[in-house]
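Remarks on the structure that follows.
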Amino acid sequence: MIMKKPENTIGSSGRLESVFCSFGFCRLVLTLGGGLWLTSCVSVPERDLRARHDEAHRIMYAAPDTPDAKPRFNGNSTLDDYLHHAFSHNPGLRASFDRWAAAMERIPQARSLDDPTLSFEYFIEQMDTRYQASLTQMFPAFGKLDLREKSAAAETEAAMHAFEAERLVLFDHVVKAFHEYHYLSRATQVTDENHQLLSDLEQVVTIRYKAGLAPFSDLIKTQVEKDRLANELGTLRDERASRSAGLAALLGLPVYDVLSWPKASPSGPAIVDVESLDDMLEDLNPELKAATAMIAAETYREKLARKRVLPDFMLGASWMVMPGMEGKGDETDVGLMAGITIPVWWGRYRAEIREAEAMVQAATSERENMRNMLKAELSMAVFKFHDAERRINLFTTSLVPKATQALEVAKQEFSTGKAEFMTLIDAQRTLLEFRLMLERATADREIAIGETGRSVGKYDVGVKLDVPVPVKNKDASNKERGEKDD
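To convert, note that position 258 of the sequence shown is 1314 in my numbering; the numbers rise steadily by one, no gaps.
The following block contains the structure:
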């Protein structure tokens, strides 16, 4: 402790010096307070993260969250309508958003100093001092606060990218549920149309049977086939409630309210090239960005662990009141204090460094594993897309037209007695199967596009689904990234 003791004075000059000493103590207090205030200032990384968080909050909570305000989806509702509603109302996505907000609040905590200590001491036997007040503050070694703040900011960035990844997962689930629900509507419609055709055929066969132009077996076969389709139609209609509940759950709507059949428009042509999409995945995928941010956070922690061996500092000031000479009032004194911690537990510090190094390596390996898994998922999504495209082309240009033609020929030949009844039934069944398979391939194509978008991370910021169209070539992609870095 460095003490400055004023000389004994008489009368007003003694009181004046006492006042000056008090002012000196106040100046020291203000100096410490200024240091504390500086540590609470918002940093540039935090300001940027908060701006992005506020923008996401504005979009997410743009629509009022009340039962009366929720839209009633109808036959004209598009996939974009479902995606926008899911973004604003899905509870799981809001939970991820709140985790991002919580992580952001750790930044000011990380850069803040510990609370200062204010103490007051009153002496029972007032020999030299009546009482004294002191204010002390611990200051970490240079660089520790900065590393703590950078680590917290990196964790916040990881939480932000995790929120974006959660949004992509949600959109992927909505796309799947939407197109599965639409496929169910088309399958129900196609099956119902075929059931109606069999009902009409049953009437024709019944008339021919009564006229003695058709055997009873034809009538039985017609009724069996019609009942089989009726059973399939009943299964499809019963499935609607569960499919609707799955989609409603993603939208944050009551699951027991059956949604209207959605309106699905086929996506336009999409160029799906694995090599180009790999480049986009490296640049855009939020899961990889989150993993990269976690590597940065663990790296900052490692640097902080290496600074544990540096002593922390203590600064303080004290103000003392001492009894003066008889008849001359009390005297005051101001003291400055300084101290340091003594790092002696080297075994603990070395263990912290080894732990931090292991966490950096773990974060790096986790990112590499995630990268490999994402590329495998992307490869599978691209395969599904090309497979669906091939099936759509096959059924559209060949199988469905030929099956339709075969059914018309079978009807004509059956009416003239040139074909057996089973030929007509088989032709009808084949056309139904091909039409359903075409609808299945169409749904699979749209789902594959959604899976590709999820793996790549290619959804618009405005929560609108975008078909992933890669850059022309790898060199162009690298050139574009280089210009961006410059």
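Even glycine gets a Cβ: it sits at the ideal position worked out from N, Cα and C.
In this text the structure is predicted, and so the values were computed from the model without any measurement.
Identity of the residue in L1371, V1230, P1399 nearest R1510 by Cα: V1230
Candidates E1288, L1450, W1375, E1476, of which the one nearest Y1178 by Cα: W1375
8 Å Cβ cutoff met for R1167 and L1201: yes
Close beta carbons around M1351, own chain, < 8 Å, minus the five adjacent residues each side: In the sequence under discussion, the amino acid at residue 1351 is Ile, which differs from the Met named in the question. Counting only Cβ-Cβ distances below 8 Å, and skipping sequence neighbours, we find V1416, A1419, T1420, R1423.
Local conformation of F1441 per DSSP, three classes: helix
Nonlocal neighbours in the same chain, by C-beta distance under 7 Å from A1444, ignoring five residues either side: A1497, D1500, R1501, A1504
Reference I1180; option with closest CA among V1512, T1453, M1378, I1398: M1378
Sequence-distant residues of its chain with Cβ nearer than 6 Å to S1207 (five each side left out): A1353, Y1356, R1357
For R1362 and I1409, believed in contact at Cβ under 8 Å, the rounded distance: 6 Å
Integer Cβ distance of L1463 from A1432, believed to fall under 8 Å: About 43 Å separates the two Cβ atoms, so there is no contact after all.
Same chain, Cβ closer than 7 Å to T1262, five either side skipped, listed in chain order: L1275
Length-filtered (3 minimum) beta strand (DSSP E) runs lying within the region 1332-1402: 1369-1378, 1387-1396
L1105 beta carbon less than 8 Å from that of E1205: no
Inter-residue Cα distance where the pair is N1341 and R1404: 38 Å
The region 1150-1158 / the region 1106-1116 touching (three or more Cβ pairs under 8 Å): yes
Buried versus exposed call for Q1259 [16 or more other C-beta atoms within 10 Å across all chains shown]: exposed
At least 3 beta-carbon pairs within less than 8 Å: the region 1221-1236 vs the region 1307-1320: yes
Nearest to V1512 (by Cα), restricted to the options E1220, T1388, L1254: E1220
Coarse secondary structure for E1211, derived from DSSP in three states: helix
Through-space distance from S1144 to L1315, alpha-carbon basis: 18 Å
Sequence-distant residues of its chain with Cβ nearer than 8 Å to S1435 (five each side left out): V1330
Same chain, Cβ closer than 8 Å to L1254, five either side skipped, listed in chain order: T1278, E1281, K1282, L1285, Q1484
Identified DSSP bridge partners for M1194: M1370
Best match in D1389, D1313, L1149, W1402 for proximity to R1186 [C-alpha to C-alpha]: D1389
Identity of the residues DSSP links to A1189 by a beta bridge: F1176, W1375
Extent of the continuous alpha helix (DSSP H) to which K1467 belongs: 1456-1471
Own chain partners of R1264 with C-beta closer than 7 Å, once the 5 adjacent residues on each side are dropped: A1270
Three-state class that DSSP yields for A1267 in the structure shown: coil
CA-to-CA distance, D1313 to R1223, given in whole angstroms: 24 Å
Top-ranked residue by Cα proximity to G1199, from K1467, L1360, K1266: L1360
E1181 (DSSP reduced to helix, strand or coil): coil
Alpha carbon of A1215 to alpha carbon of A1346, nearest angstrom: 7 Å
Alpha carbon of F1451 to alpha carbon of M1493, nearest angstrom: 8 Å
Whole-number beta carbon distance between V1456 and R1491, since they are thought to touch under 8 Å: 6 Å
Separation of I1163 from G1395, as counted between CA atoms: 27 Å
Unbroken alpha helix (DSSP H) run spanning W1156, endpoints: 1147-1160
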